[in-house]
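This report refers to the structure that appears directly beneath it.
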Amino acid sequence: MERSQRTWLTLLALPLLLSLDLCIAQRKVKLQEGPLIRAEGRHIAIQCEVSGIQQSVEQNFEWSITHSRNPTLPIQIISTYNSNFPYAMYKRRVEAGEIYIERIKNDSVRLHITNLQKSDEGEFECYTPNTESTYWGSYNALVNLTVIPDTLRATLVPKVLNKVEGDSLELVCEVYKQTPYHTHVAVTWYLQKENQNIRVISLTKGFTLHAGELYKQRQKSGDVQLDKIGTTSFKLTIHKLQKSEQGQFYCHSIEWIQDQDKSWQELTERRTDNVTVNVKSMGKDFLALIKATEVNIDVGGSLEITCIIKAQNTVDRFFSVAWFLNHDEIVRFGSNAVLSLHGEYGMRENSRGVAVRKKTDKEYILKLYQIQVEDGGKYHCQVEESEKVATGAFSSKKSEEIIVIVQQPKADLKVVISSNTTQILEGDFLHFACHIHSVTSTNSQLSIIWQFKNKQSIMSDIIEMNHYGVQVATKPYHKRIINGDVRMARVRSDIFTLGIYNAWTSDEGLYSCKVMQWAVNGNQKWDLIKEYISNDEAVTITSLESILKVTAITRSPTTSYYGTFSIQCYIQPSSLRHLPASVSWKFQPANSNDSYHLVTFSYDTSIVWGDKEVEFKGKITVEKTASNNVHLRVSRASNLEAGKFLCNAELWKRQHPNEWVMKASATSNIVQVVVFPPVSLLQLAQQESTTRKMINDMVELDCQIFAQTQNDSQFSVTWFFTKSQRQKEDIILNIDRNNIVQYYGEFQNNDQKRKKFQVVKTSKDLYKLIIEKTDVNDGGNYYCHVTEWLLDPNNIWYNVGDAVSARTTVEIHTPGANLHVFDDNKHESISEDAAFELECLIINQTQAQSQFSVTWYFQNEVDPKAPWKKLLQSDRNNILKYYGSLQTNSQKLKFQSAKVSNNNYKLMVQNAAPSDSGIYFCEVEEWVLSSQNQWALQGSNRSGLTTLHVQTSDVTLYSKACASPTLFYFIFVYPFIIFIALIIVAVYFYWNPGKPQTSPKENSLWTPIETIFADPKTEGEASVIQCTE
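For what it's worth, my numbering labels the leading residue of the sequence shown as 1199, then goes sequentially.
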């Protein structure tokens, strides 16, 4: 309410503003551009400033909020000058200092909310009360604030790490967020030493790296790195760890969001737990360590022994490393990188059975291949440091001993097959892994055969890898292996994989792997130790045909001419989106049983036009989305594009580099599209009028178009005429949209009448009917029928609507005409099959020698709104002319016209029927001799209306009885006599009751009344006896 009052105040002040001096500045209140998005529990500051006021005046500010649940009720938060301004829900927070206003200048402040709540979400208003004597400009500004949950999480596993100076340090910080808006995360690593937090390196919100002041040089040298691994992991790496880096490391993350003004605002932040790192300084001392990949090895395997030097600044120092077996030196790597091998190891080095390499300045590796039992024993390494000049070692360190046991391989393997693709779609990828588990470490060689059992339990080999590592293709799968659809790999020493691409439905069944273990004997030949067969892995393959579903939908089933409609063809389920699809559209035009191929969007993205290319090309756009859905859009629609549509989808898959195979197809439902022409706005004059003219005058009748559908509409106009509103209408002429005139009826072959009736198009919306040299026959009712035409999108003219004008009555008067026909209305009733006569009496006439033409009209009483029917006409020469159904011989005999006298004419009808009931009248035309001694039509006049009712003669019981004397006596007389006799008998017995002559003791059905009264029985018994009687 208060906000609306402020708006009204500004509007009311507008006239005053127009009269002010233009040098006065216009006030303007400005807020940050919204919407603003902030997290719960965080601090927000919203700045509001006003311009166009005197700088020396301190402006007051009022802050309020409107929630979306009640947008008409602003809630007051805080004011710069009124301590009672806050509503109750904000007063406590204002008093506690959680909400306050920071004044920046006289004309600007900041609203601070230190602990945002979800209830603070809404539209904030900054209102500035007027400080001037007049009102000009805006006095408030609005901004929307959205408060979202704080979802930022940062974790670092707390632990203690003991490092030696020069080691490398790796720490990983996990940062998660679930903010629904686009945000950036910045991550900074810190080293905490006592009360000092030292920034190591940061990844900013702009995805750039910035090292701290103490670590800039080390970042340049690559010793300090920050890497983002995946989407949530941030790894800190420090090489050449220094003693000064002992302390506690932690990770600090900040989530940033960008406001509408492109400025970045801190949304929320998190700090992880600490990781304690202890760094030990070694000085010039060093250590020698030894490790081996395995200590229990089978014959034929390989052994890797690493000697590790723990020392500082190894780059600038000179070490030699020696390996010992059972205290005998076998290999030495000198400080000058010269390799020395003793005994048989020199020969083994020539056959690549021994290899030595320096991995780093601190790691030296000895690797033995095809080891035998003799290679087992106690191993240790010895590290010697010397000066750069070869003066001998001045310091030596010996590592601990490790015991390596070399044994003959044992047959103790366990083979397990696994797969995460046991239920797939046809054409998908099948993947199996054959895991070989051994109780003890073994270095025997393995060969493997992948096997398949189909639904008929027929076992077949798929592919084999022998113990030399050579793959062997089996016959049933030979072509698929060559094409790359079946692949086998040894991803690890104990894991073999099988991949089947473009899986067939016939690939459904049980899969297993068969493993054979081999070992080299003393003659260097391979012996089979044992065979192992894995478990079966069942695979179910669903055919594409069984799940493919195609649906056609449209959001615009109806549209108008020149409109646009689109139809979407959805391919389901979504799991089939990876398969290329060909989508064909079929079309059945409205009011047609024929269907056509419209267009096909092929799987190779080509478009193939169908049978309706001419009609649709240029109007259709076909768009295919990444999910294989195809949108058909038709623009500039017309009735030719209306009808039924459906789509057919085919899924294709590349079988080979140059071969595509259709895997499935389905047809959608039918979608019907209706295209409507525009609604006609055609309007004509609807006010009836009367025009009075004399004979031989010219009459102009207007057909005025007051409204049309479009500016480019064209029209065809038809003029109608009727002598009276109930008579049949005659078409005079038509002028089409090309201004071609066509006459109808009696006007068609009568040149005189065509010259007399002309039509003129005087303007775009006005057509005139001109009648020249009128006579009394031209009197009657005229109106025009207008058809509006428009061009459809296919450049074809179509009828968009019709309209009929009001009637114009034309009355033609003759000078000196004195014709008058008796015009009283009458009602008559006659019986069916009777004859009747109707009189047409001429009361006055213009000349004594006038001749008359009499026409009789009739309207059936069943349909009072039906037009008048012309029955017959007797012309001035007394020649009869029949019309309509009266032209048959039987009707001619029934209807006759007679001239009783020169001024009395009669219509005679024989055998009246109910269908003859109705209204009759006569119309008389008077013909007089002109001065040229020629007969001319002087005028016409009508009689009154005669309403005739023909009564039907229904057959009744009374009429039938009266027609037959015997039946009359049987129905009426005899029953009366019998009825009188019965009344006499009843009266006789009533006045003369007789006593029965039988003894009361006789067993009779009749009980005398005396017996009843004489017998002393109870009243109840007497009642029973009376009821029986």
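We put the beta carbon where it would ideally sit given N, CA and C, even for glycine.
In the same chain as E2059, and ignoring 5 residues on each side of it, the C-beta atoms closer than 6 Å to its own belong to S2115, G2116, in chain order.
S2088: member of the alpha helix (DSSP H) spanning 2087 to 2092, first to last residue. In this structure, the CA atom of Q1415 is about 29 Å from the CA atom of W1462.
Non-local C-beta neighbours of E1585 in its own chain, meaning closer than 6 Å and more than five positions away in sequence, are absent. CA-CA distance, C1246 to V1345, rounds to 20 Å.
Measuring C-alpha to C-alpha distances from F2056 to each of R2074, L2084, G1232, L2039 identifies L2084 as the nearest. With fewer than 16 neighbouring CB atoms inside 10 Å of its own CB, G1816 falls in the exposed class. The alpha-carbon separation between H1450 and I1251 amounts to approximately 45 Å. With the rule of 3 Cβ pairs closer than 8 Å, the region 1756 to 1774 does not count as touching the region 1722 to 1735. Taking a 10 Å sphere around the C-beta of A2032, we find fewer than 16 other C-beta atoms and assign the residue as exposed. Taken through DSSP and simplified to helix, strand or coil, M1287 comes out as helix.
Three or more beta-carbon pairs separated by less than 8 Å are not found between the region 2169 to 2181 and the region 2140 to 2148, which leaves the two stretches without contact.
Counting along the chain, the unbroken alpha helix (DSSP H) around Y2172 starts and ends at 2172 to 2189.
In the structure shown, N1338 falls within a strand segment according to DSSP collapsed to helix, strand and coil. DSSP places I1679 in the uninterrupted alpha helix (DSSP H) bounded by 1676 to 1680. Counting the other CB atoms within 10 Å of its CB gives A1535 a total below 16, which places it among the exposed residues. Here the alpha carbons of E1821 and R1753 stand approximately 16 Å from one another. DSSP assignment within the region 1444 to 1528 yields the following whole beta strand (DSSP E) runs of 3 residues or more, N-terminal first: 1445 to 1456, 1462 to 1469, 1473 to 1478, 1484 to 1490, 1494 to 1496, 1501 to 1509, 1516 to 1523. Per DSSP, S1597 is not a residue of any beta strand (DSSP E), being assigned neither H nor E. As DSSP reads the structure, F2119 sits in a beta bridge with Y2055. Under the DSSP definition of a beta bridge, Y1980 partners with F1919, T2006.
With a beta-carbon spacing of about 16 Å, E1296 and S1277 fall beyond the 8 Å limit used to define contacts. For Q1415, the enclosing alpha helix (DSSP H) covers residues 1414 to 1418. Shown here, D1934 sits in coil according to DSSP, grouped into three states, outside any helix or strand. Just so you know, the alpha carbons of V1581 and I1507 end up roughly 8 Å apart.
In this structure, D1928 sits away from T1916, with a CB-CB distance that is not shorter than 8 Å. A Cβ-Cβ contact shorter than 8 Å links V1255 with T1329.
At a Cβ-Cβ threshold of 8 Å, I1495 and W1521 do not count as neighbours. Put simply, the backbone Cα of L1644 is about 24 Å away from that of A1490. Less than 8 Å separates the beta-carbon of F2020 from that of G2142.
Following the DSSP letters along the chain, one finds D1949 inside the alpha helix (DSSP H) bounded by residues 1949 to 1954. V1477 places its beta carbon 8 Å or farther from that of Q1510. Proximity to E1392 across G1404, Q1444, P1356 peaks at Q1444, based on C-alpha coordinates.
As computed with DSSP, S1266 is found in no beta bridge at all. For G1544, the uninterrupted alpha helix (DSSP H) run begins and ends at 1542 to 1548, by DSSP. According to DSSP, R1685 shares a beta bridge with G1697.
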